[in-house]
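The numbers in the working numbering rise by one with no breaks, and the one at position 136 of the sequence shown is 159. Positions of the beta carbon are idealized from the N, C-alpha and C atoms, including for glycine.
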Amino acid sequence: MSRLVVVANRVPDPRERGATAGGLAVALKDALARRDAMWFGWSGATAQETGATPNEVQAGRTCYATLDLGEADYRHYYRGFSNDALWPVLHYRLGIARFAREDWIGYRRVNAAFAAALAPMLRPDDTIWVHDFHLFLLAGELRALGCRQRIGFFLHVPFPPRQVFLGLPNADAVLHAMAAPDVIGVQTEDDAENLRGALIGTGEPEAATRVGAFPIGMDAAGFASLAARRFRTREVAQLRESLAGRALAIGVDRLDYTKGLPQRIAGFGKLLQRFPRHRGKVTFLQVAAISRGDVATYRALRRELDEAVGRINGQYAEPDWGPIRYITRAVARPTLAGYMRLARIGLVTPLRDGMNLVAKEFVAAQDPEDPGVLVLSRFAGAAVELDGALLVNPLDPDDIAEALDAALTMPAEERLARWRGMDTAVRAGSAAIWARRFLAALEDAPLPDAGTAGGDGAAPPIGITPPRPALRAAQPRAHRARRAS
Ligand code: GDG
């Protein structure tokens with residue numbers, strides 16, 4: 024079996040495998056365990072200049088090869104073009120996107136620098152799998168350097184309709200670059216249709232035929248047994264006792280403006296306003312772990328949530344009951360699994376989400392004898408598979424309130440029937456199956472034409488930035504600083 028080369032913005036620390044590993048590391052565990060592999064990308068640290076020679080650490084059959092990012096590249100490639108421009112545009116939020124030409128230049132520079140550092144490490148029969156929007160240009164850059172291995176690309180977040188995507192400066196250049204991989208994977212058929220339309224509109228009709236939907240999953244059986252075990256622990260017992268017989272609604276998200284948190288809290292407030300019979304009978308626990316805390320938009324979101332939670336608690340709390348419990352620290356995954364099993368309602372209402380694994384985790388965590396109800400945004404990719412959920416418009420607090428009321432009053436047989444269908448769907452689409460499906464499609468794809476840099480249908484070079492002399496210099500380790508992801 025050929026070596027698998029995974030390329031992603033962030034490379035996990037091999038010492039952190041297991042409980043603290045990130046989502047992608049967990050999702051790829053099965054694929055990486057089966058063969059020799061290399062994981063290439065950013066170390067998570069910054070230095071004066073972006074490194075040219077990766078630092079390599081071998082752990083089992085996987086080599087972790089990382090580059091530090093230069094301070095300017097961190098600002099322009101990561102915070103700028105990736106987080107301030109691409110993230111909002113891909114989530115249909117043109118109005119809050121911020122564009123700067125230097126960010127685009129930095130994005131191109133880092134994609135080119137990653138390709139230049141990776142190309143000499145590649146073996147002729149490697150299978151290369153590039154992940155996510157930080158690295159839209161990487162496959163094209165590798166092709167321009169003469170790489171003829173199979174390259175797959177998977178986008179974890181949504182792809183919007185062409186007219187929305189065109190709001191991104193240099194959208195056409197990005198689309199031409201996105202045409203380079205042999206298989207271009209997205210989460211849902213809607214995303215696939217949007218991306219095909221964008222590629223066709225930009226003059227890449229052949230690439231549109233290489234786009235497919237590969238919905239990501241999670242290890243439902245493993246999460247179910249984790250939840251069942253943790254349910255019996257002291258910390259879950261403490262939460263249960265503190266509820267004093269009240270129903271628990273739970274939300275678990277990174278604190279991000281795509282997750283619909285202000286609207287969700289407003290929806291819970293509407294429930295208490297419009298359906299007074301639930302006052303004092305339900306507690307909402309929202310875990311919203313802070314991410315990208317150094318970015319202004321995220322600081323503003325925190326202030327907005329602090330105020331909204333305070334307002335509702337101030338209005339409805341009783342001396343022995345507070346409606347909303349709100350935690351901005353990360354909670355350990357096993358503990359979350361136990362909490363989810365305790366909850367009567369899972370409240371998952373992103374404004375847009377590629378998939379949303381929390382929805383699947385909530386389903387997997389439920390007690391098969393007495394499952395809870397999932398209230399789910401119709402704009403999460405997970406809504407396609409989880410049709411037993413109460414689907415809501417996450418922008419409409421009244422719709423959320425009505426779904427919460429329906430969930431709190433739903434008869435046990437209906438809860439069970441809805442959950443059974445969802446549990447079957449979640450178990451049928453594990454992360455391992457997702458990775459196998461994608462890699463099978465990639466390994467079935469015809470090899471790119473030998474003898475040409477780009478191969479059939481590959482992107483025309485979008486302006487290859489040769490590595491700057493500074494990029495070739497040894498990394499000044501003294502300036503390394505850890506960055507949050
Ligand atoms: C991107 C796409 C797509 C959350 N808070 C805590 C915590 N989490 C865990 C959840 C879940 C994961 O983080 C979040 O995954 P999501 O899928 O919900 O969302 P994104 O992070 O935005 O991921 C998304 C995904 O990629 C995969 O393709 O589904 O659409 O945006 O596993 O449980 N984990 C712990 N503490 C927390 O406080 N331990």
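- Taking C-beta separations shorter than 8 Å and ignoring five residues to either side along the sequence, the partners of GLU258 in its chain run THR358 and GLY361, following chain order.
- If you compare the alpha carbons of GLY283, PRO143 and ARG26 with that of TRP152, the shortest gap goes to ARG26.
- Between ALA406 and ILE368, the gap from beta carbon to beta carbon reaches 9 Å or more.
- Note that the C-beta distance between ARG326 and ILE313 is not below 9 Å.
- By the 16-neighbour rule on beta-carbons within 10 angstroms, GLU72 is buried.
- At a cut-off of 8 Å, the beta-carbon of THR73 does not count as near ligand 1: no heavy atom of the ligand is closer than that.
- The continuous alpha helix (DSSP H) containing LEU198 extends over residues 194-201.
- In the three-state reduction of the DSSP assignment, GLU229 falls in the helix class.
- Taking 3 residues as the minimum length, the beta strand (DSSP E) runs contained wholly in the region 265-321 are 270-278 and 305-313, in order along the chain.
- In this structure, VAL386 has its CB at a distance of at least 8 Å from all heavy atoms of ligand 1.
- Here DSSP, grouped into helix, strand and coil, assigns TYR115 to coil.
- Shown here for ILE223: same chain residues with a beta carbon closer than 7 Å to its own, the five before and five after excluded, namely ALA231 in chain order.
- As the crow flies, the alpha-carbon of ALA31 is around 46 Å from that of ARG297.
- DSSP, reduced to helix, strand and coil, places ASP149 outside both helices and strands of the structure shown, so it counts as coil.
- Taking 8 Å as the cut-off, one finds no heavy atom of ligand 1 near enough to the beta carbon of ASN217.
- Taking 8 Å as the cut-off, the C-beta of ILE239 counts as close to a heavy atom of ligand 1.
- Rounded to the nearest whole angstrom, the C-alpha separation of TRP457 and TYR349 is 33 Å.
- When C-beta atoms of the region 432-447 are compared with those of the region 173-182, fewer than three pairs fall below 8 Å, so the two segments do not count as touching.
- Non-local C-beta neighbours of PRO417 in its own chain, meaning closer than 8 Å and more than five positions away in sequence, comprise GLY283, GLN286, ARG287, THR372, PRO373, LEU374, SER400, ARG401, PHE402 and ILE423, ordered along the chain.
- Partner residues in the beta bridge of TYR349, as assigned by DSSP, are GLN309.
- Cβ neighbours of ARG253 within its own chain (closer than 7 Å, five residues either side excluded): VAL259, PRO357, THR358, ALA360 and GLY361.
- DSSP, read as helix, strand or coil, puts HIS154 in strand.
- Judged by their CB atoms, LEU465 and ARG173 are nearer to each other than the 9 Å cut-off.
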